[in-house]
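**Q** The numbering of the sequence shown is the UniProt record's numbering, which starts it at 1 and goes up by one.
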Amino acid sequence: MSIFYSRFKDKPNDELHSIIRHKSRYQEEAIFAAIKILKERGEAIAEEEQLLLELKERQQNKINSETTTSFTQKRVLAFAIDLLILTICSYIIGGILLFTSQTGAVTSLVISAILIIGYFTIGNSSVTKGSTYGKQNMGLHVIDEAQNTLSIGKSLIRSLLILSPYFGFKFLELIDIENVFILTIIDSLSFSYYLSFPFLFFYNKKDRVLYHDLIMKTRVTPSNVNSSNYFHQNNSLKYLGFIPVFFLTLFLSLNYLLEDQPVEIQKNNIDAFHNNEEVFSSLMTEINSIDEIEEVENVSFTTYNQTSTSFIITVKSTVKINDDETQKVAQIIEAKIKERNIKDLIPYDNIVIVSKYGFTLPLASYTIERQDVF
1 MSIFYSRFKD
11 KPNDELHSII
21 RHKSRYQEEA
31 IFAAIKILKE
41 RGEAIAEEEQ
51 LLLELKERQQ
61 NKINSETTTS
71 FTQKRVLAFA
81 IDLLILTICS
91 YIIGGILLFT
101 SQTGAVTSLV
111 ISAILIIGYF
121 TIGNSSVTKG
131 STYGKQNMGL
141 HVIDEAQNTL
151 SIGKSLIRSL
161 LILSPYFGFK
171 FLELIDIENV
181 FILTIIDSLS
191 FSYYLSFPFL
201 FFYNKKDRVL
211 YHDLIMKTRV
221 TPSNVNSSNY
231 FHQNNSLKYL
241 GFIPVFFLTL
251 FLSLNYLLED
261 QPVEIQKNNI
271 DAFHNNEEVF
281 SSLMTEINSI
291 DEIEEVENVS
301 FTTYNQTSTS
311 FIITVKSTVK
321 INDDETQKVA
331 QIIEAKIKER
341 NIKDLIPYDN
351 IVIVSKYGFT
361 LPLASYTIER
371 QDVF
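Structure follows, in structure tokens:
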């Protein structure tokens, strides 16, 4: 089915015959579309035209069977190349962040969003002839329904449709949400979002389109091929398929969240911890309030060789790791631990403060770590 087939299907027979008679005025695809419609209507067509139509259909079927796998491989390889470029850029930006003290989770997420969305917006627009570096190397480009490359605005909307949910879920992970039902809904939507990619990509074998292409009426095609056969199927299965996926992930997420989760603090004396949970919660809150501390990542009581027990606190620092300042912060944490007489609640032999500083981007992460033992 071509765009001409859609345009011509409501035309009367005499107009279609006129198109066939005046071949020099029309594109080849238009002529074949007119012949095909007349044949479907049971109209008499010349033997020569019948042979041409059969030859065209055989050629198209052969091309489709030969290129489906190749096209899929090119799409995957193009994405892999783009992902490699973005990963390298992320590490470069992350390295710069290490020297600017801008390694907060929100800052890292915003920078990643600008980098990734900007890359695909510009790369898939008319600025680069519709091809990111990966697509360019694989001979692919993005076009719209009129077979034109996308404007910056349209390319931005297309990129936001597929990437904004990802960054939205990442942002929600940074928020301390305690409501189990809300967490379940978020997790279910997240699972459905990620499962939609292979579902749509492999279900529609002819187009290999995702929902952002369906909404924007765009398509990734070989850049050296006439793409007049542009179309998108409006098959409801593409959308109805998300219903069982959503409820399946909803059920799995709900069961997962309602199960007894392991206590964040690992310890030998579980009863002692539960009996003094308020003391530990207060300690964590006070440590988090230190200016140089972004968050407490983990607390554990670890026994080595059944002889020595360490009280280990792992914190994420907002300042670069250095001998003097980091040690001062560790000493403040040690003092707060001793103020609460934690040793009387759960005996330990030493305190280990693990300070981490670095960045975590969706495609890259780098962490500097230091331990202070008291």
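Where a beta carbon is used, it is the ideal one built from N, C-alpha and C, also for glycine. Since the model is a prediction, treat every value here as computed from it, not as a measurement.
According to DSSP, residue 393 sits in a beta bridge with which residue or residues?
**A** The requested residue 393 is not part of the displayed model; the chain covers only 1 to 374.
**Q** At what residue ranges does the region 294-335 contain a whole run of the beta strand (DSSP E), taking only runs of 3 or more?
**A** For the region 294-335, whole beta strand (DSSP E) runs of length 3 or above, ordered along the chain, are 308-317.
**Q** Only counting the same chain, and skipping five residues up and downstream in sequence, which positions put a Cβ closer than 7 Å to that of Ile45?
**A** Ile35, Leu38, Lys39.
**Q** Between Thr318 and the rest of its own chain, which residues show a CB-CB distance below 6 Å, the 5 nearest in sequence each way excluded?
**A** Counting only Cβ-Cβ distances below 6 Å, and skipping sequence neighbours, we find Glu292, Glu294.
**Q** Tell me whether Arg41 sits in a helix, a strand or coil according to DSSP, three-state version.
**A** Correct three-state label for Arg41: coil.
**Q** Just to confirm the assignment, what range does the beta strand (DSSP E) spanning Arg25 have?
**A** First-last for Arg25: undefined, no H or E at that position.
**Q** Flag this pair as yes or no: are the beta carbons of Val279 and Glu297 separated by less than 8 Å?
**A** Against a cut-off of 8 Å, the Cβ pair of Glu297 and Val279 comes out as no contact.
**Q** Could you check where the beta strand (DSSP E) with Arg158 kicks off and where it finishes?
**A** Counting along the chain, Arg158 falls outside any beta strand (DSSP E), though it belongs to the alpha helix (DSSP H) covering 152-173.
**Q** So which of Gly94, Ile19, Val76, Phe4 has the shortest CA-CA distance to Leu363?
**A** Of the listed residues, the one whose Cα sits closest to Leu363 is Gly94.
**Q** To which residues does DSSP link Leu140 through a beta bridge?
**A** DSSP lists Pro222 as partners of Leu140.
**Q** For Ser159 and Phe4, I'd like the C-alpha separation in whole angstroms.
**A** Going by the C-alpha atoms only, they are around 29 Å apart.
**Q** Please report the Cβ distance between Val373 and Asn350, rounded to the nearest whole angstrom; I am assuming they are in contact, meaning their Cβ atoms lie under 8 Å.
**A** About 6 Å; that satisfies the 8 Å criterion.
**Q** Identify the residues that DSSP records as bridge partners of Glu369: which are they?
**A** Paired residues: Lys356.
**Q** Taking only heavy atoms of the ligand GTP into account, decide whether any of them is closer than 7 Å to the Cβ of Asn288.
**A** With respect to the ligand GTP, the structure shown offers nothing to examine, as it has no ligands at all.
**Q** What does DSSP give as the partner residue(s) for Ile351 in the beta ladder?
**A** DSSP, once it has assigned bridges, lists Phe311 as partnering Ile351.
**Q** Here's a check: name, in chain order, each residue in its chain whose Cβ is nearer than 7 Å to the Cβ of Ala113, leaving out the five neighbours to either side.
**A** The residues are Phe167.
**Q** Report the CB separation of Leu174 from Ala105 in whole angstroms; it is logged as a contact under 8 Å.
**A** Contact flag correct, Cβ pair sits at about 5 Å.
**Q** Would you say Ser108 and Thr360 are within 8 Å of each other, going by their C-beta atoms?
**A** Yes, they are a contact pair.
**Q** Would you say Thr326 and Arg370 are within 8 Å of each other, going by their C-beta atoms?
**A** Going by C-beta atoms, Thr326 is nearer than 8 Å to Arg370.
**Q** Just reading off the alpha helix (DSSP H) that Ala146 is part of, what are its end residues?
**A** Note, Ala146: premise wrong, no alpha helix (DSSP H); not H, not E.
**Q** On the DSSP letters alone, give me the boundaries of the alpha helix (DSSP H) that Ser281 sits inside.
**A** Unbroken alpha helix (DSSP H) run through Ser281: 277-288.
**Q** Roughly how many whole angstroms lie between the Cα atoms of Thr132 and Lys74?
**A** Rounded to whole angstroms, Thr132 to Lys74 spans 13 Å at the Cα level.
**Q** Whole-angstrom Cβ separation of Val299 and Ile313, contact assumed at under 8 Å?
**A** Correct: roughly 5 Å between the Cβ atoms.
**Q** Could you spell out the range, first to last residue, of the alpha helix (DSSP H) harbouring Thr121?
**A** 105-123 is the span of the alpha helix (DSSP H), which, as asked, contains Thr121.
**Q** Between Tyr91 and the rest of its own chain, which residues show a CB-CB distance below 6 Å, the 5 nearest in sequence each way excluded?
**A** Only Ala364 meet the Cβ criterion.
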